[in-house]
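Visitor: Sharing a structure, written as structure tokens. Questions coming.
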Amino acid sequence: MTLDQKQDEEKNSSGLTRRQLLKASGLAGTVLGSAGLGLLGYQSGKDPSTYTGNESFQGAAQTFDRNRFAVDVPHYEKIGPTQRVDARTEVVFSRVSRLRRGWDEEKGVEGLDDQLREYYARVPEDLETDVHLIEEIFPIHREEAERHHGEFLLAEAWSNAMGEVWPDAVDTPPEESDVPSGSHGEPAEPLKMKSPEKTAVLIKKIAYQLGSVLVGITKLNPDWVYSHAMRGRGFDPEQPLEIPKHWEYAIVVGTPMSWDPMYANPNYGTSLDAYSKTRIVALRLTSFIKQLGYPARPHVPGTEYDLMVPPVVIDAGLGEQGRHGVVITPELGSNFRPAVITTNLPMKVDKPIEFGVQDFCRTCKICAENCPSGSISTGKREEVRGYRRYKIDSAKCHSFWFSNLGNLGCRICVAVCPYTRKSNWLHRTALKVSSNDPTGLSHTILTQMQKSFYPAPDPRDYYVPLLGGKNESYRKPPWWLKTEDFIDL
Amino acid sequence: MSGLFWFVEGILFCVALLGLRAWTQDRGVPMPLWKWILVVGWLGLLGFSLAFIGTSLGEGETVAAVKGGALFILITVIVGVGFWRILGFSNRVDERDERDERPRPAAAESTGSVDEEI
Ligand code: SF4
Ligand code: SF4
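First to last, the protein sequences are chains C and A.
When we follow numbering that gives the first Met the number 0, the leftmost residue of the first sequence carries the number 0, and every step to the right adds one.
When we follow numbering that gives the first Met the number 0, the leftmost residue of the second sequence carries the number 0, and every step to the right adds one.
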């Protein structure tokens, strides 16, 4: 017997030989090491630093390597004569508020103004939905709100508090509002910038410093500017909107909505948090550009903007449009709210990207299956104003927004989308796999896993009881929005 | 914290592999490189399954933890059983007895310092 073997056989104080101890330690190491990974996973699932976009205001959240997925032409295709959107009637918010002001049940469509009459003659199904909203949904909503009084009080209070900081954007014409005013001692002439490349880098850095989570730059495509402006923007809404020459470039900024309430849509989530933050960034960035001597104008949804924002976001290379009509970014999925600044400050522009969303959406359809109002198409992309995209029934979507309790809006399609996930190892890995898989096989597997592992309520249950629902939300609200745990109602 | 965590994880898995080495030696199972790769791959699969369950629980996605956990653990067990056979772990030879009977190099006998299997 060798010395090692002898030592092997000698029992230590625990009554085990050295080899037995080694084997037992090996087993213990496997168990503890594996348990450690499980615990690490738990920690990473809970970790607030995975609430993408809220970790840092230094640009550290825009991590996706877009260059690898850059394309020369965006994924939407021009397939016919294009047409600009008329904000007065085609933007559902403007249309319905006009309808509410002018609707008289007895006179019907005949009592409406020319533009509305012309619009409803063209799209009669929207007349039915919009009138149903005014005549049926609003009263039901009032009744339900009274019956469930206070149930969503904390959610509403939190959302209103987020929306409380809502600085006014511009309400005067571009020739007045966009030009540097001299209030900060702006130069009379635009400063000579060293190069468009350097300017783009600077503008992005400043946008991050101001609190933007995503930033992209593009040339402004005139097709995205409204043909007729909304009220209160300094344009005459009755006249066609003439695009100012200095709206040459568009800078897109954006911030995420709070993650936990967003998963508890439609009742507990809100867009006001992100809109408020993005609005502040946009107004500050506008001021910064003007101080370089260049004209600039902020377009800040949801209230004051002169263009369709999603296609500009796509052109600026921040993401692709999903089946639900919202832009999907690699970092935040659809969980973000953008704003645009138009200017003529020369900058190097970004390229649009394609990271697999079009292919994924073709088979996924989770948003369409979970949309309570049936507004999202399950079919193929089709021509909308000359471009190929998925069609959204915005009238039906808008109608649902006003039927449910809690915060205004719905955002269920944002919450259920597999791309709208926090930034932990699991979802980052899934994104990496799906973006780099040309076969589409991973898309099918991930979609099936999504449907089976992350179930959602029956879409009808999102409605209020009087409309046959149960006031459901996609996920339970975070503890700090449960009114019943804090307030005696 | 994260650095310390991975340091401890590294030590635990090294100890696990050393334990496995001792165990295979005692059973007389030869362990060429490809077998170690399979073992490490399986440990990775086990780690992924547990981390998936943990992450899903942390996210509050209980259904994902249960369904996904069950699926991945099942895959881990099936792959584990397959590997167990491929790696020859089930062919038990009473190695300690056999080893003791094998002729040993004289030098090793005299110095007691060489154990070619450790
Ligand atoms: S916001 Fe709601 S109603 Fe509108 S499309 Fe999305 S899921 Fe449907
Ligand atoms: S839920 Fe699916 S189909 Fe809908 S936008 Fe997201 S990936 Fe596309």
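C-beta atoms are modelled at their ideal positions from N, C-alpha and C, and glycine is treated no differently.
Give the single residue among Val95(C), Arg116(C), Gln114(C) whose Cα lies nearest to the Cα of Val130(C).
Guide: When only C-alpha atoms are compared, the closest one is Val95(C).
Visitor: How would you write the range of the alpha helix (DSSP H) that Pro310(C) sits in, first residue to last?
Guide: Its alpha helix (DSSP H) spans residues 308-314.
Visitor: Which residues have their C-beta within less than 6 Å of a heavy atom of ligand 1, listed in chain order?
Guide: Result: His323(C), Cys370(C), Pro371(C), Ser372(C), Ser374(C), Ile375(C), Cys396(C), Phe399(C), Cys409(C), Arg410(C), Ile411(C), Cys412(C).
Visitor: Go ahead and pull the three-state DSSP assignment for Ile327(C).
Guide: Ile327(C): strand per DSSP, three-state reduction.
Visitor: For my contact list, Ile202(C) and Ile250(C) are in at a C-beta cut-off of 8 Å; report their separation, rounded to the angstrom.
Guide: The Cβ separation is near 6 Å, so the contact holds.
Visitor: For Gly268(C), which of helix, strand or coil comes out of DSSP?
Guide: Coil.
Visitor: Where does Leu440(C) land, buried or exposed, given buried means 16+ other C-beta within 10 angstroms?
Guide: Exposed: under 16 other Cβ atoms inside 10 Å.
Visitor: Return yes when the C-beta of Phe452(C) is under 7 Å from any heavy atom of ligand 2, and no when it is not.
Guide: Incorrect: Phe452(C) has no Cβ contact closer than 7 Å to ligand 2.
Visitor: Give me the Cβ distance between Thr328(C) and Gly318(C), rounded to the nearest whole Å; I'm assuming they're in contact under 8 Å.
Guide: At roughly 4 Å, the Cβ-Cβ gap stays under 8 Å, so Thr328(C) and Gly318(C) are in contact.
Visitor: What's the gap between the Cα of Leu153(C) and the Cα of Tyr50(C)?
Guide: Using only the alpha carbons, I get a separation of about 21 Å.
Visitor: Does the beta carbon of Arg427(C) sit closer than 8 Å to a beta carbon anywhere in chain A?
Guide: Judged by the 8 Å Cβ criterion, Arg427(C) is not in contact with chain A.
Visitor: Report the option in Ser176(C), Gln19(C), Pro351(C) whose CA atom is closest to the CA atom of Asn66(C).
Guide: Considering only alpha carbons, the answer is Pro351(C).
Visitor: Lys469(C): which of Ala23(C), Pro476(C), Pro458(C) sits nearest, CA to CA?
Guide: Of Ala23(C), Pro476(C), Pro458(C), the residue nearest in Cα terms is Pro458(C).
Visitor: In angstroms with no decimal places, state the Cα-to-Cα distance between Val252(C) and Leu284(C).
Guide: Their backbone Cα atoms lie some 9 Å apart in a straight line.
Visitor: Does the beta-carbon of Phe82(A), which I'm using as the reference point, lie nearer than 7 Å to any heavy atom of ligand 2?
Guide: Because no heavy atom of ligand 2 lies under 7 Å away, the Cβ of Phe82(A) does not count as near it: no.
Visitor: Any beta carbon from chain A within less than 8 Å of Tyr41(C)'s own beta carbon?
Guide: It does: the Cβ of Tyr41(C) has a partner Cβ on chain A nearer than 8 Å.
Visitor: Sort out for me which residues DSSP pairs Leu213(C) with in a bridge.
Guide: DSSP lists Gly253(C) as partners of Leu213(C).
Visitor: Taking contact to mean at least 3 C-beta pairs separated by less than 8 Å, is the stretch 289-300 of chain C in contact with the stretch 206-218 of chain C?
Guide: At 8 Å Cβ cutoff, the stretches do not touch.
Visitor: Between Ala429(C) and Leu70(A), what straight-line distance do the alpha-carbon atoms span, to the nearest angstrom?
Guide: Those two C-alpha atoms are separated by around 17 Å.
Visitor: Is it right to say Ser89(A) is buried, meaning 16 or more other beta carbons lie within 10 angstroms of its own, or is it exposed?
Guide: Under this definition Ser89(A) is an exposed residue.
Visitor: Find out if the Cβ-Cβ distance for the pair Ala281(C), Ala338(C) is shorter than 8 Å.
Guide: Yes.
Visitor: Just curious, the beta strand (DSSP E) that Ala295(C) is in, first and last residue?
Guide: Per DSSP, Ala295(C) belongs to the beta strand (DSSP E) from 295-298.
Visitor: Would the C-beta of Ile391(C) count as close to ligand 2, meaning under 7 Å from any of its heavy atoms?
Guide: No; taking the cut-off as 7 Å, the Cβ of Ile391(C) has no heavy atom of ligand 2 nearer than that.
Visitor: If you draw a straight line from the C-alpha of Leu39(C) to the C-alpha of Val84(C), how long is it?
Guide: Going from the Cα of Leu39(C) to the Cα of Val84(C) covers about 50 Å.
Visitor: Does the separation of the CB atoms of Pro300(C) and Phe234(C) fall below 8 Å?
Guide: No.
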